[in-house]
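Beneath this line is the structure, given in structure tokens, with notes to follow.
Number of protein chains: 2
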Amino acid sequence: MSNAPEILSDIPLFEGLPRAQLEDLTRIVVNKHFRKGQTVFSEGDKGTGFYVVIDGLVRIFKLSVEGKEQILHIFGPGEPFGEVPVFAGRNFPAHAEAIAESRLFFFPRDAFTALIGENPSLALNMLALLSMRLRQFTVQVEQLSLKEVPGRLAAYLQYLSDEKGGGTSFDLDISKGHLASLLGTIPETLSRIFARMTQQGLIRVDGPRISITDQAGLEALATGEKALA
Amino acid sequence: MSNAPEILSDIPLFEGLPRAQLEDLTRIVVNKHFRKGQTVFSEGDKGTGFYVVIDGLVRIFKLSVEGKEQILHIFGPGEPFGEVPVFAGRNFPAHAEAIAESRLFFFPRDAFTALIGENPSLALNMLALLSMRLRQFTVQVEQLSLKEVPGRLAAYLQYLSDEKGGGTSFDLDISKGHLASLLGTIPETLSRIFARMTQQGLIRVDGPRISITDQAGLEALATGEKALA
DNA sequence: CGTGGCCTTGATAAAGTTCAAGAGCCGTGG
DNA sequence: CCACGGCTCTTGAACTTTATCAAGGCCACG
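So the sequence lines, in the order shown, correspond to chains A and B. Read in order, the letters of the first sequence correspond to residues 1 to 229 in our numbering. Read in order, the letters of the second sequence correspond to residues 1 to 229 in our numbering.
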């Protein structure tokens with residue numbers, strides 16, 4: 001792994017770490033490759049380490065008894081996942097699957113915890129990461145339980161819009177079926193809501209491309225001030 | 001704060017810490033008292049530190065625009081809350097209110113992070129705790145989105161039952177209205193489901209007292225194997 | 001050019017919410 | 001000591017939202 005230190009320093013989790021620590025990390029990291037649709041790990045697998053997405057996309061999801069799935073996260077470049085069992089010391093609580101050709105860095109558990117013990121700044125970065133993830137979950141729980149689907153979609157579109165630089169036009173980088181699952185609904189319902197939003201002049205949809213045409217209207221939906229006719 | 005080290009060592013977050021570290025913590029902790037119904041902090045407040053419940057009960061909740069609330073957690077003795085914004089360096093993402101006469105320990109942010117820098121084991125304990133909390137959220141999201149309300153209630157009752165020592169009979173320690181919110185529904189719906197479960201012989205309800213009369217039947221509901229007639 | 005994946009649309013049914021009203025409980029104050 | 005007011009909880013009926021089932025369209029890829 002020749003240029004690994006450079007790659008590592010671009011990962012927010014390792015941001016601001018001194019060169020020496022980055023080199024320590026380099027020594028324990030394992031480069032892994034996954035094709036689209038390939039399983040990274042399954043719920044219940046032993047958590048022997050965690051991953052960081054270097055390239056590609058990974059979805060984390062739960063499966064119900066009847067096989068229905070709920071996507072918990074979709075992670076892209078720079079984002080770590082699977083770190084819960086590293087510290088909680090158990091199994092993975094959900095499934096992970098590459099939804100695109102992906103390159104991942106794998107950090108073995110024992111080597112990593114040893115490193116943390118020696119590096120307070122790494123520990124603090126890790127604490128911040130987990131705290132923020134917790135906060136995201138808080139929001140997700142709020143949305144799943146407080147708002148109806150149009151509101152959740154509106155909120156997600158707003159989130160995506162400024163994630164992508166604040167433009168009014170952007171691409172969905174996941175399939176609409178996956179988006180449905182992420183929002184806690186099914187493709188049929190999502191499709192109808194896209195249709196209604198378009199017809200109301202809130203957005204325009206062209207395949208995976210979304211254009212927001214009524215910022216204020218979307219906002220009203222997202223906050224629950226207004227319903228979708 | 002004379003016996004603070006003893007109290008601290010009973011908090012899971014600090015369990016197993018060497019005496020010296022407990023004493024360090026003692027030096028920075030602030031004892032606070034809240035009456036029932038009193039606000040601990042509000043959404044958007046600056047996160048200047050985090051809390052641990054020593055005595056009493058605190059609920060963490062979000063308010064929607066229409067004033068409807070969703071309870072995210074209810075914390076009792078030994079449980080920390082509000083630590084997310086401390087590490088992520090943001091504001092409190094939700095409201096906190098004492099729902100009983102409560103005694104809380106407050107840990108100021110700056111002093112605490114300084115301490116972590118010196119104590120790797122403290123950091124590892126915190127990481128484990130946050131990871132476990134994250135895991136719980138995973139389950140909560142799964143439940144909110146994959147199961148219907150009777151299943152969520154059944155799962156919650158089972159959880160409570162062994163939380164309280166595994167007996168078939170126990171008290172709800174929150175109001176049914178609060179329970180409804182915790183399950184992502186409203187009191188009316190919860191009330192009807194209690195009625196149906198009782199009528200089906202799954203449980204018996206007497207005010208806040210619940211008796212499980214058909215363990216297997218509840219289990220089937222909780223896992224989604226069966227629906228409630 | 002046909003096949004499979006993904007998306008859309010329609011009809012129907014189930015689950016939950018809303019609105020409205022009433023019952024039970026408890027503390028306060030006359 | 002009893003009555004009042006304020007809670008929480010319960011019940012009913014109408015309505016809304018979403019899931020389910022079923023079919024058809026579009027597009028990319030072999």
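Note that the Cβ used here is the ideal one computed from N, Cα and C, for glycine as well.
Look at the alpha carbon of residue i and the alpha carbon of residue j, and state the distance between them as a whole number of angstroms.
i: S191(B); j: G184(B); result: 14 Å
i: L25(A); j: P108(A); result: 10 Å
i: L182(B); j: L22(A); result: 43 Å
i: R152(B); j: D55(B); result: 28 Å
i: I74(B); j: R59(B); result: 4 Å
i: T189(B); j: L221(A); result: 25 Å
i: S211(A); j: P18(B); result: 57 Å
i: A20(B); j: R27(A); result: 34 Å
i: V86(A); j: R135(B); result: 12 Å
i: M1(B); j: K32(B); result: Low per-residue confidence applies at M1(B): pLDDT is 48, beneath 50, and the placement is therefore not dependable enough to give any value.
i: H178(B); j: V84(A); result: 29 Å
i: D162(B); j: P77(B); result: 18 Å
i: V65(A); j: K147(B); result: 10 Å
i: T48(B); j: L157(A); result: 32 Å
i: G44(A); j: V141(B); result: 17 Å
i: V99(A); j: V40(A); result: It is Ile, not Val, that sits at residue 99(A) in the sequence shown. Whole-angstrom Cα-Cα distance: 10 Å.
i: E219(B); j: H95(A); result: 23 Å
i: V149(A); j: L144(B); result: 13 Å
i: L8(B); j: F14(A); result: 31 Å
i: D214(A); j: I193(A); result: 15 Å
i: T138(A); j: L72(B); result: 7 Å
i: S121(A); j: S121(B); result: 13 Å
According to DSSP, is residue i part of a helix, a strand, or is it coil?
i: D171(A); result: strand
i: K147(A); result: coil
i: I11(A); result: coil
i: M1(B); result: Residue confidence for M1(B) is low, a pLDDT of 48 falling below 50, so the modelled location carries little weight and cannot support an answer.
i: K176(A); result: helix
i: I186(A); result: coil
i: V139(B); result: helix
i: Q38(B); result: coil
i: E79(A); result: coil
i: S161(A); result: helix
i: G49(B); result: strand
i: N119(B); result: coil
i: Q200(A); result: coil
i: D206(A); result: strand
i: L221(B); result: helix
i: D24(A); result: helix
Output, in chain order, the set of chain B residues within a Cβ distance shorter than 7 Å of residue i.
i: P142(A); result: One point to set straight first is that residue 142(A) is Glu, not Pro, in the sequence displayed. The contacting residues are K62, Q70.
i: A94(A); result: T138
i: A88(A); result: A128, S131, M132, R135
i: S145(A); result: Q70, L144, G184
i: V84(A); result: S131, L134, R135
Listing by chain order, which chain A residues have their CB less than 8 Å from the CB of residue i?
i: I116(B); result: P120, A123, L124, L127
i: T113(B); result: L124
Using the DSSP secondary-structure output, state which residues sit across from residue i in a beta bridge.
i: I193(A); result: None; I193(A) has no bridge partner.
i: P108(A); result: G49(A)
i: A96(A); result: F41(A), I60(A)
i: V30(A); result: F106(A)
i: Q70(B); result: K62(B)
i: N91(A); result: K46(A)
i: S211(A); result: S169(A), R204(A)
For residue i, return the contacting residues in chain B, with the cut-off set at a CB-CB distance below 8 Å.
i: E241(A); result: Chain A is shown from 1 up to 229; residue 241(A) falls before or after that span and cannot be answered.
i: E66(A); result: G224
Contact between the region 194 to 201 of chain A and the region 86 to 95 of chain A: three or more CB pairs below 8 Å? no
Measuring CB atoms only, is the region 95 to 110 of chain A touching the region 153 to 161 of chain A, in the sense that at least three cross pairs come out at less than 8 Å? no
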